[in-house]
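Protein chains in written order, with the working numbering: chain U, 1 to 141; chain A, 1 to 194.
Before any comments, here is the structure.
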Amino acid sequence: MKTHSILRVVSKLLIPYILLFALYVQFHGDYGPGGGFQAGVIFAAGVILYALVFGLGAARRVARPVVVERLTAIGVLIYAGTGLIAMLSGGNFLDYGALDHHHPQHGQHLGIFVVELGVGITVAAVMVSLFFAFAGRERVR
Amino acid sequence: MTQGVVTHGIDILLLTLLAGTAITIVRMRSLWAAVMLTGIYSFLGAGWMSILDAPDVAFTEASVGAGISTALMLATLALTSTEMKRPAGSPVIPLLIVSITGAALIYGTLDMPYYGDPKGPIHQHVAPEYLQDSVPTVHGDELSIGIPNVVTSVLASYRGYDTLGETVVIFTAGIGVFLLLRGPQSQKTEEDAG
Numbered sequence: 001m002k003t004h005s006i007l008r009v010v011s012k013l014l015i016p017y018i019l020l021f022a023l024y025v026q027f028h029g030d031y032g033p034g035g036g037f038q039a040g041v042i043f044a045a046g047v048i049l050y051a052l053v054f055g056l057g058a059a060r061r062v063a064r065p066v067v068v069e070r071l072t073a074i075g076v077l078i079y080a081g082t083g084l085i086a087m088l089s090g091g092n093f094l095d096y097g098a099l100d101h102h103h104p105q106h107g108q109h110l111g112i113f114v115v116e117l118g119v120g121i122t123v124a125a126v127m128v129s130l131f132f133a134f135a136g137r138e139r140v141r
Numbered sequence: 001m002t003q004g005v006v007t008h009g010i011d012i013l014l015l016t017l018l019a020g021t022a023i024t025i026v027r028m029r030s031l032w033a034a035v036m037l038t039g040i041y042s043f044l045g046a047g048w049m050s051i052l053d054a055p056d057v058a059f060t061e062a063s064v065g066a067g068i069s070t071a072l073m074l075a076t077l078a079l080t081s082t083e084m085k086r087p088a089g090s091p092v093i094p095l096l097i098v099s100i101t102g103a104a105l106i107y108g109t110l111d112m113p114y115y116g117d118p119k120g121p122i123h124q125h126v127a128p129e130y131l132q133d134s135v136p137t138v139h140g141d142e143l144s145i146g147i148p149n150v151v152t153s154v155l156a157s158y159r160g161y162d163t164l165g166e167t168v169v170i171f172t173a174g175i176g177v178f179l180l181l182r183g184p185q186s187q188k189t190e191e192d193a194g
């Protein structure tokens, strides 16, 4: 895509806003539609657009496969870890109310925030590495 | 009255387009065009979901169905053939099976409560409690969550176990694809390291 200057310029303009919108969806899920899952997919879409326009090599330098693959597991660990911390604080597994004994609602807010972050990280990392895995292969025939 | 006509008009238009897209995909031989049409189908589905007042589902359908799946399908097509092979054998038996299954599904919907019926079982069970407890309160008692978007509080807190399971499913799917598609490459890096 070295010659498609319009595509390159337009995507250069769009990608930051796609990533920013993903973060908005991620952290605004308590109040509006969206949440970790949608945010992760939108974030991955930004990276995939970058890979499509600027090449797989450039995208792999930005989102290093080693880091992305680790992140798939880290998201799940953040989620399950929140549940364990709730247990250690005296509640049930994934009972976020136990995270703040003085004000259980704050605990719920904190728990949902962290858990959604875990979902977002896993979804974005899996989607990006799926694309890398497909796009990095040679044509079969 | 006019508002009703407009909403029904939009409903009928969207459903007609959905059916039309589906039939076109079935009749299509070029897989590139079929993939693009599945993206359009998902986008129409997202529009349909937002008419049904489910913005979270519409959002997911638009970003996953129309966005990522289309990109992944195109990436797959780049590796395989872009023309569909003509299926061998007569289409009568598959058509028969599909018709019977479709008829059974439609028969199953006859017993379902009407859309938005407040007496429907789904609105009687735990939903009223969830709606009440998700409202922000000053005191913050033990059970309430206090998040305006009820979908988020159901997804992340009331049904936190399910969402943890879903996240693990996505993780597992990713691991499966790594193992299938990255096999030779990882061996090469091992050889490099050794």
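All C-beta atoms in this analysis are idealised placements derived from N, C-alpha and C, irrespective of residue type, glycine included.
Chain-ordered, the chain U residues with CB closer than 7 Å to the CB of A/Ser144 read Gln105. By DSSP's assignment, A/Ser30 forms a beta bridge with A/Glu83. The C-beta distance from A/Leu18 to A/Leu44 rounds to 5 Å, short enough to meet the 8 Å contact threshold. A/Asp111 sits in coil when the DSSP states are folded into three classes, being neither helix nor strand. Of the candidates U/Lys12, U/Arg137, U/Gly46 and U/Tyr17, the residue whose Cα lies closest to the Cα of A/Thr76 is U/Arg137. Neighbours of U/Arg137 across chain A, judged by C-beta separation under 8 Å: Leu79 and Leu181.
Interface with chain U (9 Å Cβ-Cβ cutoff): A/Phe178 is included.
In the displayed model, A/Gly4 falls within a helix according to three-state DSSP. Take the alpha-carbon of A/Thr2 and the one of U/Gly40: they are about 40 Å apart. A check of alpha carbon separations from A/Thr82 across A/Gly116, A/Val35, A/Ser99 and A/Ile100 identifies A/Val35 as the nearest. Here U/Val47 is near U/Val62, since their CB atoms are less than 9 Å apart.
Residue burial annotation: A/Ile12 is exposed, with fewer than 16 other C-beta atoms found within 10 angstroms of its C-beta. Of the other Cβ atoms in all chains shown, fewer than 16 fall within 10 Å of the Cβ of U/Ser5; this residue is therefore exposed. Along the segment 154–173 of chain A, the positions whose C-beta sits under 9 Å from a C-beta of chain U are Leu155, Ala156, Ser157, Gly160, Tyr161, Thr163, Leu164, Glu166, Thr167, Val168, Ile170, Phe171 and Ala173, read in chain order. Among the residues of chain A, those whose CB is under 8 Å from the CB of U/Ile112 are Ile145, Ile147, Thr152, Ser153, Ala156 and Ser157, following chain order. Taking a 10 Å sphere around the C-beta of U/His102, we find fewer than 16 other C-beta atoms and assign the residue as exposed. DSSP places U/Tyr79 within a helical segment (H, G or I) once states are collapsed to three.
Using a Cβ distance threshold of 9 Å, A/Thr70 and A/Ser99 do not count as a contacting pair. The beta carbons of U/Ala80 and A/Leu164 sit about 6 Å from each other, so the pair counts as a contact at 8 Å. The criterion of a C-beta distance shorter than 9 Å is satisfied by U/Asp100 and U/Leu110.
Scanning A/Gln132, A/Met112 and A/Ala54 for the CA closest to the CA of U/Gly32 turns up A/Ala54. Counting only the Cα atoms, U/Leu56 lies some 8 Å from U/Ala135. Contact with chain A is found for U/Ser129, since one of that chain's Cβ atoms lies less than 9 Å from the residue's Cβ. A check of alpha carbon separations from U/His106 across A/Met28, A/Ile145, A/Gly108 and A/Ile175 identifies A/Ile145 as the nearest. In the DSSP assignment, A/Ala88 falls outside any alpha helix (DSSP H), carrying neither H nor E. Under a criterion of Cβ atoms nearer than 7 Å, the residues of chain U adjacent to A/Phe59 are, in order, Pro33, Gly34 and Gln38.
For the segment 71–82 of chain U, the set of residues with a beta-carbon nearer than 8 Å to any beta-carbon of chain A comprises Thr72, Ala73, Gly75, Val76, Tyr79 and Ala80, in chain order. Apart from sequence neighbours up to five positions away, the residues of its chain that approach U/Pro104 with a beta-carbon distance below 7 Å are Gly97, ordered along the chain.
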